[in-house]
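K.L.:
Residue numbers for the sequence shown follow numbering that gives the first Met the number 0, so the first one is 0 and each next one is one higher.
If you scroll down you'll find the structure; I have some questions about it.
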Amino acid sequence: MQIKNFAKILLKSCSRAESVAISGHKSPDYDCLCSSIAMQEILRQNGIKADILLEKPLDETFAEVVRNREYIFETDKNYDVLISVDVPDKKMLPAIVQAKRENALKTFCIDHHQEREKYMDYMQVISGESSACEVIFRTFEQYFKLNAELATIFYIGIYADTGGFIYSNAHSSTFAILSKLLTQDIKPDEIVQHVFQSVSKNSFEMTKRAMNSVKFYLDGAVAVSLLKESDFTETGVAYGDSKAIVGYLQRIDGVKVAISIFEPEKGDYHVSLRTANPDVDVSKIAEKFNGGGHVRASGMKLVGDYEKALHALLCQTKSVLGNKDD
Ligand SMILES: [Mn+2]
């Protein structure tokens, strides 16, 4: 749903509030972090101070431009106003935010995923927009002054969620915003190199291991990579670069569903799903396991025995692929 006076209502509620918090989803990505930072800056320009809540510090795979910010990881404080960005439903809120949602006087959601439930008082959800950053830009356009720092943040969020402006969610309206961002003194080539393309040696070592682990299933329609707990301890990398791995797998001829699995702790699997195939909806796979995401990119967690978890995952993948062939 889209609310006409959303920006006005939100800014009014925040200016009357004693305290305001912003939260993205669990396991944050660039769009969710950048939309949190952009929202905070827009509020600041309107004379409103807001905290950004995060479940834990960001690991080194995140560029400094988002990592070196002030985040709140733990606090007993309750907030009068809570704003979620890029969060499709309440179970995707970080644990520290769940209780604060109950205690907040007014709650807002700004998102671009498929709308599933009304979990906040005011929902500004524009499904199909490239990113939460785009929804924020459009919703608040009259209420902030674009500067180079803010333009850089929007650029990173939109770049991330459109895979570098190539996914089908990059509409002409998205490029209209980009054209405004480029009126500022920003350096897209340097941003992209710094944020998305450079990799640490350790991260490269993890990618190498992931590539060596790849197996194909369902006549080559599914590629699965696995990084085990031991890979993390041996390389000293906190978390693999899932986007690089799964992004590569989806480019292989014949692969309809690319799956990369991480086991950061024994028996605990983080699964990323991608497809470049317009007939496949990977969110239908993730939803079966209480995960979520988009048609093209989704994720979820699995626990227990790996072979059993993989079997269940492949069965669901097979049925999603099968339904599309009908
Ligand atoms: Mn997003």
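Where a beta carbon is used, it is the ideal one built from N, C-alpha and C, also for glycine.
1. Can you tell me whether N130 sits near ligand 1, meaning its C-beta is under 7 Å from at least one heavy atom of the ligand?
2. Would F139 pass as a contact of I41 if the rule is Cβ separation under 8 Å?
3. Determine the direct distance from the alpha carbon of E17 to that of V223, and round the result to whole angstroms.
4. For my contact list, C31 and A131 are in at a C-beta cut-off of 8 Å; report their separation, rounded to the angstrom.
5. Cα separation between Y121 and K200?
6. Is it right to say D325 is buried, meaning 16 or more other beta carbons lie within 10 angstroms of its own, or is it exposed?
7. To the nearest angstrom, report how far apart V319 and D278 are at their CA atoms.
8. So within the stretch 153-217, which uninterrupted alpha helix (DSSP H) runs reach at least 4 residues, ignoring any that extend past its ends?
9. May I ask which residues mark the beginning and end of the beta strand (DSSP E) holding M119?
10. To test your reading of the DSSP string, which unbroken beta strand (DSSP E) runs of 3 or more residues are found completely within the stretch 281-314?
11. First and last residue of the alpha helix (DSSP H) that includes R137?
12. Do the stretch 139-152 and the stretch 110-130 touch if we need at least three Cβ pairs shorter than 8 Å?
13. Within its chain, find whatever has a CB closer than 7 Å to the CB of Y154; leave out the 5 residues flanking it on each side and keep chain order.
14. Would you decide whether S197 is buried or exposed? Buried here means 16 or more other CB atoms lie within 10 Å of its CB.
15. Within the stretch 17-61, note down every full beta strand (DSSP E) run reaching 3 residues or more, in order along the chain.
16. Taking 7 Å as the cut-off, is the C-beta of H111 nearer than that to any heavy atom in ligand 1?
17. Just confirm the distance between the C-beta atoms of T234 and M205, as a whole number of angstroms; I'd bet it's less than 8 Å.
18. For C33, verify whether its CB is less than 7 Å away from any heavy atom of ligand 1.
19. Give every residue of the same chain whose Cβ lies closer than 6 Å to the Cβ of N102, excluding the five residues on either side of it in the sequence, and list them in chain order.
20. Restricting to Cα atoms, I'd like to know which of D280, L10, I157 and E59 is closest to G46.
21. Of all the options A94, I109 and D28, which has the alpha carbon lying nearest to the alpha carbon of V124?
22. Helix, strand or coil: which one does DSSP assign to K3?
23. Three or more beta-carbon pairs under 8 Å between the stretch 248-259 and the stretch 210-222, yes or no?
24. For D325, which three-state DSSP category applies?
25. Suppose contacts are defined by Cβ-Cβ distances below 8 Å. Is I152 in contact with I71 by that definition?
P.N.:
Well, looking at it:
1. In the sequence as presented, Asn is not what sits at residue 130; that position holds Ser. At least one heavy atom of ligand 1 is nearer than 7 Å to the Cβ of S130, so yes.
2. yes
3. 49 Å
4. 7 Å
5. 44 Å
6. The pLDDT assigned to D325 is 44, lower than 50, so where the model puts this residue is not dependable, and the model offers no usable value.
7. 10 Å
8. 171-180, 187-191 and 200-211
9. Premise fails: M119 is in no beta strand (DSSP E) and is neither H nor E.
10. 296-302
11. A131 to F139
12. no
13. L180, I185, P187 and I190
14. exposed
15. 19-22 and 50-52
16. yes
17. 6 Å
18. no
19. N77
20. L10
21. I109
22. coil
23. yes
24. Confidence is the limiting factor: at D325 the pLDDT is only 44, short of 50, which leaves the residue's position unreliable, though a coordinate-based value still follows. If DSSP states are grouped into helix, strand and coil, D325 belongs with coil.
25. no
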